[in-house]
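2 protein chains.
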Amino acid sequence: MAAKLKVVIVGGVAAGPKVASKIIRLQQDAEVTILEKGKFLSYAGCGLPYYVSGVVKEQAELMSTAAGAVRDPVFFQKVKNVVVRSGTEAVEVDRDHKRVLARDLASGEETWLDYDYLVLATGATPVKPPIPGMDLEHVFTLHGVNDAEGIRHLLSQDRARDVVVIGGGLIGVEVTEALVEKGCRVTMVELADQILGMLDWDMAKLVEQHMESHGVKVLTNTTATAFEGEGGQVKHVVTSQGVLPVDMVILGIGVRPNVTLARQAGLEIGRTGAIKVDDHLRTSDPKIFAVGDCAENVDLVTGEPAYVPLGSTANKHGRVAAINICGGDDTYPGILGSAVCKVFDFCVGRTGLTERQARASGFDILTVHSPAPDRAHYMPTAKSLMMKLVVDRQSRKLLGLQSVGPGAGDKRVDVAAMAITAGMTVDQLAKADLCYAPPYGPAMDNIITAADIARNKLSGAMNGITAREAREWLQQEDVVFLDVRSPGEFEQVRLPGSINIPLGTLRGRLHELDKDKPVIAFCKISLRGYEAGLILKHAGFKDVRVLDGGIAMWPYEKVQ
Amino acid sequence: MAAKLKVVIVGGVAAGPKVASKIIRLQQDAEVTILEKGKFLSYAGCGLPYYVSGVVKEQAELMSTAAGAVRDPVFFQKVKNVVVRSGTEAVEVDRDHKRVLARDLASGEETWLDYDYLVLATGATPVKPPIPGMDLEHVFTLHGVNDAEGIRHLLSQDRARDVVVIGGGLIGVEVTEALVEKGCRVTMVELADQILGMLDWDMAKLVEQHMESHGVKVLTNTTATAFEGEGGQVKHVVTSQGVLPVDMVILGIGVRPNVTLARQAGLEIGRTGAIKVDDHLRTSDPKIFAVGDCAENVDLVTGEPAYVPLGSTANKHGRVAAINICGGDDTYPGILGSAVCKVFDFCVGRTGLTERQARASGFDILTVHSPAPDRAHYMPTAKSLMMKLVVDRQSRKLLGLQSVGPGAGDKRVDVAAMAITAGMTVDQLAKADLCYAPPYGPAMDNIITAADIARNKLSGAMNGITAREAREWLQQEDVVFLDVRSPGEFEQVRLPGSINIPLGTLRGRLHELDKDKPVIAFCKISLRGYEAGLILKHAGFKDVRVLDGGIAMWPYEKVQ
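Here it is in structure tokens:
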């Protein structure tokens with residue numbers, strides 16, 4: 008009889024326990040040990056913002072299975088047949104003898120554990136920039152359960168009225184929503200010229216506007232230079248835009264992969280700083296796998312290394328590594344950087360390449376901005392959805408999609424993720440047989456309409472101009488900024504410098520316009536604007552553009 | 008100068024106006040005429056159930072653009088530059104002279120209209136079976152605005168307490184929900200052994216249970232043989248299961264394509280009874296196109312002709328036909344029969360092949376039943392989603408998905424539609440980078456979990472048994488029906504004939520079971536059931552199966 012398979016897993020939060028469970032499912036008598044530095048095990052880190060806001064009431068819910076069993080060491084031993092050693096750090100890997108040194112953090116006792124396979128699921132750590140005052144009380148990250156408890160404690164005592172969130176990434180915006188719901192006044196401080204670097208600037212601006220409508224102050228292009236305290240507690244954040252009084256600071260600047268053990272073991276570290284793995288998730292030592300937030304991925308569109316640590320990827324990693332460890336042959340092809348977050352009433356999502364990423368990767372692209380209701384427009388449940396597509400001109404393939412608004416953007420992100428994975432052109436996407444009923448979508452689904460706009464642009468039927476380009480052009484030249492909505496709509500809200508000729512009257516009022524002057528036509532969503540553009544072009548107007556995304560996606564000020 | 012393109016379109020509801028609009032966008036000076044028999048134009052037929060229920064308040068909303076403009080003949084003339092002749096029937100096509108005879112239904116006047124291209128968008132008509140009493144008052148179909156007005160009128164006068172809906176298809180279930188919301192007592196009469204033929208029997212049963220929980224009486228295997236009236240109004244429906252008193256009858260048996268004109272013109276009619284078209288949507292006469300509910304489609308999985316009339320397809324058809332008419336080259340590859348409907352709190356959707364269809368087409372398949380919360384289980388917004396996958400054993404490709412439950416099934420149907428279109432295997436689907444955040448999905452999306460279950464079955468790791476097979480086996484043989492949930496869960500609800508050994512105690516209680524007896528293990532969703540099965544197999548049990556879909560998807564009676 009063959010010896011039992013011995014696997015040691017370093018890390019017990021997400022990918023680690025997944026590897027362990029799957030190994031036991033494949034080989035019931037495998038000896039699997041999880042070493043976890045912390046005290047907690049297998050908890051849903053992504054749920055922490057919802058624990059802070061109180062949407063999730065009990066910490067235990069984040070550590071429970073769907074059936075309500077708490078995933079503690081006893082659960083893992085009894086149900087999964089996995090040994091869990093929490094409070095235990097892996098301090099050294101001896102690859103020659105295939106063993107790892109485990110240190111009990113309470114007693115300091117050290118033991119060598121033999122392995123046939125070692126799995127690194129060491130996760131990531133929040134970036135803490137070298138800002139003076141970082142060690143003051145009430146300066147938190149939101150990475151572990153302890154952070155969440157600390158924040159909740161302050162909130163419960165009503166001692167966190169003014170909060171500054173440093174960093175406008177995913178965790179930053181999610182925790183901001185949680186804090187506002189708890190009654191905090193939140194200021195978000197972001198170094199870059201936009202929040203949510205996963206989006207393009209124009210899409211991020213729509214999110215910023217939405218956050219501001221919920222009372223959040225968003226300071227972009229702003230550096231936090233110091234935290235100042237009183238009695239050891241943070242009281243002021245000094246920024247390049249002035250001093251902000253605070254009761255609490257939350258850092259959401261991002262995370263860095265934990266690769267100390269991998270480095271010590273002499274494993275190859277990738278260009279992104281995460282542990283390099285092949286498509287079987289093997290590190291440079293075939294007996295050592297790396298999974299989850301400490302492992303590097305491949306971008307499926309560019310083929311380049313990518314680091315996007317997410318729980319969804321960690322779970323898939325876990326399964327692939329386990330299958331390979333148990334003698335199977337499974338691969339993890341890579342990621343699209345698909346992500347979604349809830350920002351107050353907005354669903355904000357993305358997949359594939361942004362315009363910025365696509366240009367940086369050398370693609371010759373076009374973009375589509377398509378705002379529309381997310382279900383039949385006559386249904387009271389219909390909500391606005393603003394999408395941006397990035398399309399490769401040469402291959403006509405979809406490269407990326409971004410989605411912002413109260414509508415069901417997550418659905419369209421997933422459809423786009425499938426299209427990009429399959430290498431579909433916008434022509435193919437436009438014919439996709441997506442399901443339709445008025446409570447769930449429009450007859451022409453938003454993503455199909457967006458694909459059709461891309462096709463109109465590729466064929467030359469539609470000559471679009473982005474809001475940014477339009478604004479610059481209007482400032483430099485005498486351009487007709489033609490709003491073809493109804494007078495009633497024009498009265499309510501309009502773009503600076505625009506004139507109004509409703510589409511239905513345009514054919515009869517062409518004489519009012521100078522054919523030699525450039526025209527930018529638009530409406531609320533630029534469908535009527537598109538039709539107006541076609542009428543003008545046919546009438547001999549020399550330079551006609553249609554404003555991408557219309558008024559709905561205008562990221563600048565409007566006249567109200 | 009070339010002569011202007013002349014196009015005559017027969018039919019003004021959905022596909023017809025779409026063709027017209029797109030032609031004008033492509034060729035501003037084309038002469039486009041729409042002939043519409045009825046009085047109404049370009050209305051959203053799919054919205055009628057929501058007009059009946061009052062969710063949509065005004066008839067005009069169904070006939071308006073998203074911006075609120077009513078799509079009447081004046082709108083089409085002014086905005087679209089399209090001539091609309093409503094109340095006008097196309098009675099004869101003279102293909103030799105490329106002209107169509109239009110009859111004004113009010114005056115009886117007839118005119119020949121020349122065309123370069125003729126487009127048939129003649130739609131479909133509800134099937135009216137030869138039941139005596141069909142012409143009684145208060146017997147409706149739900150096909151046009153007039154039907155909806157008639158139904159609303161009766162409802163508004165509180166004269167429709169008892170309603171019988173004949174036919175359990177999409178329209179039948181949608182109108183049933185509308186009627187229950189208006190306070191009616193509804194009985195659904197269905198000839199087949201299940202409602203919603205777009206689903207497999209086991210999935211349809213879950214929908215029937217849900218409808219019954221909302222007070223609807225569902226009579227399957229039941230024939231309506233006569234309608235009996237008093238004073239000209241329907242008062243009884245005679246069925247094979249007895250006589251039902253009624254104030255109103257609604258027929259939702261399905262529709263037949265309107266092909267009279269096509270037949271008259273000598274165009275080829277397809278095997279499904281709809282007008283045969285090529286992938287450019289040309290009929291057997293290259294100058295005549297057919298679009299929408301009168302045209303036949305191709306099933307993308309089987310390559311066979313298919314007839315699934317839906318508004319989503321009609322719109323896409325319209326665009327393809329217009330592009331080809333204007334000298335472009337566009338194709339419509341076919342359909343997956345993707346469909347979704349709202350049935351009270353349930354979203355019911357499907358795409359691709361059902362188990363029944365796949366077997367009939369000769370595929371060697373496996374099925375997966377996967378129930379799970381549709382977002383992170385600790386989120387209060389998480390709702391149950393019950394999915395069934397159909398997978399080809401040879402190619403490992405996904406062939407179809409069905410989804411039932413309060414959760415966001417439409418999203419997973421669309422993801423599956425993309426996977427099937429791209430010919431993806433379940434292995435590829437299991438690695439899809441779908442977007443994840445707790446408010447939108449679980450870390451392992453439902454469809455990824457379902458794909459992984461398929462992979463477990465393909466690899467032999469999981470030996471599933473369907474509810475139907477399990478029930479038959481239990482009735483014939485001494486099989487251990489092993490529920491591995493907690494005692495508390497078992498107390499609440501259980502399956503007839505089951506015994507309870509919680510998963511956590513199973514390893515220690517194996518001696519209580521006879522290794523030679525077959526075991527069917529299960530839990531709520533059959534994840535713990537799967538783990539139990541692995542433990543039993545490893546312990547030497549001879550015949551271990553896992554109940555597909557667990558208690559959640561059990562379509563028979565439970566003990567409560």
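Just so you know, the protein sequences line up as chains A and B, in that order. The opening residue of the first sequence carries number 8 in the working numbering; numbering runs sequentially from there. The opening residue of the second sequence carries number 8 in the working numbering; numbering runs sequentially from there. All C-beta atoms in this analysis are idealised placements derived from N, C-alpha and C, irrespective of residue type, glycine included. Remember, predicted model here, so these are calculated numbers, not experimental data.
Which residue's Cα is closest to the Cα of residue i: the options?
i: Thr363 of chain A; options: A:Ala76, A:Phe497, A:Asp485 and A:Met205; result: Checking the sequence shown, residue 363 of chain A turns out to be Arg, not Thr. Of A:Ala76, A:Phe497, A:Asp485 and A:Met205, the residue nearest in Cα terms is A:Met205.
i: Gly151 of chain B; options: B:Pro80, B:Thr95 and B:Gly54; result: B:Gly54
i: Pro446 of chain A; options: A:Thr432, A:Leu42 and A:Gly414; result: A:Gly414
i: Leu520 of chain A; options: A:Asp550, A:Glu275, A:Pro503 and A:Met255; result: A:Asp550
i: Val91 of chain A; options: A:Val98, A:Glu99 and A:Phe82; result: A:Phe82
i: Asp352 of chain A; options: A:Gly310, A:Ser247, A:Val180 and A:Pro340; result: A:Val180
i: Asn304 of chain B; options: A:Thr374, A:Asp207, A:Asp440 and A:Ile282; result: A:Asp440
To the nearest whole angstrom, what separates the beta carbons of residue i and residue j, a pair I think is in contact under 8 Å?
i: Gln35 of chain A; j: His545 of chain B; result: 4 Å
i: Asp459 of chain B; j: Arg326 of chain A; result: 7 Å
i: Pro378 of chain B; j: Ile532 of chain B; result: 5 Å
i: Ile41 of chain B; j: Phe147 of chain B; result: Contact doesn't hold; Cβ gap of about 27 Å is too wide.
In chain B, which residues lie less than 8 Å from residue i when you measure between Cβ atoms?
i: Ile558 of chain A; result: Within 8 Å Cβ-Cβ: nothing; Ile558 of chain A doesn't reach chain B, min ~11 Å.
i: Leu343 of chain A; result: Asp440
i: Glu68 of chain A; result: Tyr385
i: Ser391 of chain A; result: None at all; the shortest Cβ gap to chain B is about 10 Å.
i: Val62 of chain A; result: Met386 and Pro387
Give the residues of chain A in contact with residue i, contact being defined as C-beta atoms less than 9 Å apart.
i: Gln35 of chain B; result: Leu541, Ile542, Lys544, His545 and Ala546
i: Lys404 of chain B; result: Near Lys404 of chain B there are no residues of chain A at all, since even the closest Cβ is about 13 Å away, more than 9 Å.
i: Thr358 of chain B; result: Asp440, Leu441 and Cys442
For chain B, find out if any of its Cβ atoms is closer than 7 Å to the Cβ of residue i; answer yes or no.
i: Arg159 of chain A; result: no
i: Val14 of chain A; result: no
i: Cys301 of chain A; result: no
i: Pro136 of chain A; result: no
i: Cys53 of chain A; result: yes
i: Asp306 of chain A; result: no
i: Lys349 of chain A; result: yes
i: Tyr50 of chain A; result: no
i: Lys549 of chain A; result: no
i: Pro503 of chain A; result: no
Please confirm whether residue i and residue j have their CB atoms less than 7 Å apart.
i: Trp480 of chain A; j: Val487 of chain A; result: no
i: Asp209 of chain A; j: Pro509 of chain A; result: no
i: Thr194 of chain B; j: Leu251 of chain B; result: yes
i: Val298 of chain A; j: Ala329 of chain A; result: no
i: Gly369 of chain B; j: Lys404 of chain B; result: no
i: Glu38 of chain B; j: Lys64 of chain B; result: no
i: His324 of chain B; j: Leu288 of chain B; result: yes
i: Gly130 of chain A; j: Gly18 of chain A; result: yes
i: Leu161 of chain B; j: Val15 of chain B; result: no
i: Met386 of chain A; j: Val411 of chain A; result: no
Name, please, each residue of chain A whose Cβ falls closer than 8 Å to the Cβ of residue i.
i: Val568 of chain B; result: With chain B represented from 8 up to 567, any question about residue 568 of chain B goes unanswered, as that position is not in the structure.
i: Asp459 of chain B; result: Arg326
i: Lys418 of chain B; result: Ala415, Asp417, Lys418 and Asp421
Identify the contact partners of residue i in chain A, using a Cβ-Cβ distance below 7 Å as the criterion.
i: Asn322 of chain B; result: Ala450 and Met451
i: Gly318 of chain B; result: Tyr443 and Ala450
Are any of the Cβ atoms in chain A nearer than 7 Å to that of residue i?
i: Val298 of chain B; result: no
i: Arg32 of chain B; result: yes
i: Pro264 of chain B; result: no
i: Arg552 of chain B; result: no
Applying a beta-carbon distance threshold of less than 9 Å, which residues of chain B neighbour residue i?
i: Pro562 of chain A; result: Those do not exist, as Pro562 of chain A stays about 21 Å from chain B at its closest Cβ, beyond 9 Å.
i: Met431 of chain A; result: Met425, Thr428 and Ala429
i: Glu38 of chain A; result: Simply none; closest approach about 14 Å.
If the cut is a Cβ gap below 7 Å, which residues of chain B does residue i touch?
i: Thr267 of chain A; result: Result: empty, since nearest Cβ-Cβ is about 26 Å, beyond 7 Å.
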